[in-house]
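Chemist: Dropping the structure in here first, questions after.
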Amino acid sequence: MNRSLTRKPNFLLTFSVPQSQWYISNSTPRCSNDTPWPMATYQSILLQLIFAVLVAKQEAPLDLNLRFQLPDTKYQLLTSLVETCRELGLFSYPNMLAKHHSSAPIALVWVNVEEIKRFGLALYKICRLCTRSALAGTTDSDSSDMRSELLTLSDLDFCMPDSDEMWNAPSSIGAESIRSAIFHQACRDNRDTDNWISQTSGKLYDSRVGLDWI
């Protein structure tokens, strides 16, 4: 086993945040819509989960659904993050826009929307790779519950991210250059719900079919 993965790196310890400070359930009092989403916190949790998957990859083989088994504590962290994002409506394009005043610079809005999109897709990919540990003996109902507590395509009410060219552009190019590029490049129409990723779930998933492939 790769021993470099058996200990949590210092940077992950640094960014560990008590769950009580970020977790939101359906019974949690709602904050004002003006309160920004703590994306840095969610991203640090995602980093911890990515590291947990790397450890699981070293310690156990894939199950029949091509998923890695996470320890209970890490799986609970994953489902808590998913629940929080769902309760906030984090992956809804209209909600992303609602976090910004109409006078906000378009470059700022674009960067923040792209950040959330890419975070959402990364979290979906982690959910697609993971399962609970020791699932032997679980029923079909248990498997269905597991799928419902993880992020699915139907949760992603936004289009695919725009081209990586602008996203990976150096900060030195300046906001005005970003603004100009956004206007001139062929960006996706995020307002068209037919283009949202969630729309594909109806074509790719059928609750009557237990095959776990998306």
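According to UniProt numbering, the residues represented by the sequence shown are 1 to 214, in order. Glycine included, every Cβ here is placed at the ideal spot set by N, Cα and C.
Pick out the complete beta strand (DSSP E) segments inside the stretch 24-78, 3 residues or longer, and give them in chain order.
Modeler: Within the stretch 24-78, the complete beta strand (DSSP E) runs of at least 3 residues are 68-70.
Chemist: Using the DSSP secondary-structure output, state which residues sit across from residue 130 in a beta bridge.
Modeler: Position 130 of the sequence shown, counted from the start, is the residue given in the question as residue 130. According to DSSP, which records beta bridges pairwise, residue 130 is partnered with 68.
Chemist: With burial defined as no fewer than 16 other Cβ atoms inside 10 Å of the residue's Cβ, what is the status of residue 196: buried or exposed?
Modeler: Against the sequence shown, residue 196 aligns to sequence position 196. Counting Cβ neighbours within 10 Å, residue 196 comes out buried, since at least 16 surround it.
Chemist: From what residue to what residue does the alpha helix (DSSP H) around residue 170 run?
Modeler: Position 170 of the sequence shown, counting from 1, holds the residue named residue 170. First-last for residue 170: undefined, no H or E at that position.
Chemist: Assuming residue 41 and residue 17 form a contact by the criterion Cβ under 8 Å, report the distance between their Cβ atoms to the nearest whole angstrom.
Modeler: Translated into positions along the sequence shown, residue 41 becomes position 41. Translated into positions along the sequence shown, residue 17 becomes position 17. Their Cβ separation, rounded to whole angstroms, is 5 Å, which keeps residue 41 and residue 17 in contact under 8 Å.
Chemist: For residue 153, which residues from the same chain have a beta carbon less than 8 Å from its beta carbon, with the 5 sequence-adjacent residues on both sides left out?
Modeler: In the sequence shown, residue 153 corresponds to position 153, counting from 1. Excluding positions up to five away in sequence, the list reads 124, 197, 198, 200, 201, 204, 205 and 214.
Chemist: On the three-state DSSP scale, how would you describe residue 92?
Modeler: Translated into positions along the sequence shown, residue 92 becomes position 92. Looking at residue 92 - three-state DSSP - the assignment turns out to be strand.
Chemist: Mind checking residue 56: buried by the 16 CB within 10 Å criterion, or exposed?
Modeler: Position 56 of the sequence shown, counted from the first residue, corresponds to residue 56. It is buried - the Cβ of residue 56 has at least 16 other Cβ atoms within 10 Å.
Chemist: With three or more beta-carbon pairs closer than 8 Å as the criterion, would you say the stretch 103-118 touches the stretch 45-62?
Modeler: Too few Cβ pairs lie closer than 8 Å, so no.
Chemist: Taking only three categories from DSSP, how would you classify residue 162?
Modeler: Along the sequence shown, read from residue 1 onward, the residue named residue 162 stands at position 162. In this structure, residue 162 counts as coil in the three-state DSSP scheme.
Chemist: Please identify the residue among 93, 193 and 194 whose C-alpha is closest to the C-alpha of residue 116.
Modeler: What you label residue 116 is simply residue 116 of the sequence shown in a count that begins at 1. Residue 93 is the option with its Cα nearest to residue 116.
Chemist: For residue 209, does the count of other Cβ atoms within 10 angstroms reach 16, so buried, or fall short, so exposed?
Modeler: Here residue 209 refers to the residue found at position 209 when the sequence shown is read from its first residue. It is exposed - the Cβ of residue 209 has fewer than 16 other Cβ atoms within 10 Å.
Chemist: Let's test the definition: count the other Cβ atoms within 10 Å of the Cβ of residue 84 and tell me whether it reaches 16, buried, or not, exposed.
Modeler: Numbered from 1 along the sequence shown, position 84 holds the residue referred to as residue 84. With 16 or more other Cβ atoms within 10 Å, it is buried.
Chemist: Taking the alpha carbon of residue 166 as the reference point, which residue from 62, 110 and 100 has its own alpha carbon closest?
Modeler: Numbered from 1 along the sequence shown, position 166 holds the residue referred to as residue 166. Measuring from the Cα of residue 166, the nearest candidate turns out to be 110.
Chemist: Measuring straight from C-alpha to C-alpha, what distance separates residue 50 and residue 126?
Modeler: For the purposes of this step, residue 50 is taken as residue 50 along the sequence shown, with counting starting at 1. For the purposes of this step, residue 126 is taken as residue 126 along the sequence shown, with counting starting at 1. Roughly 7 Å separates the two Cα atoms.
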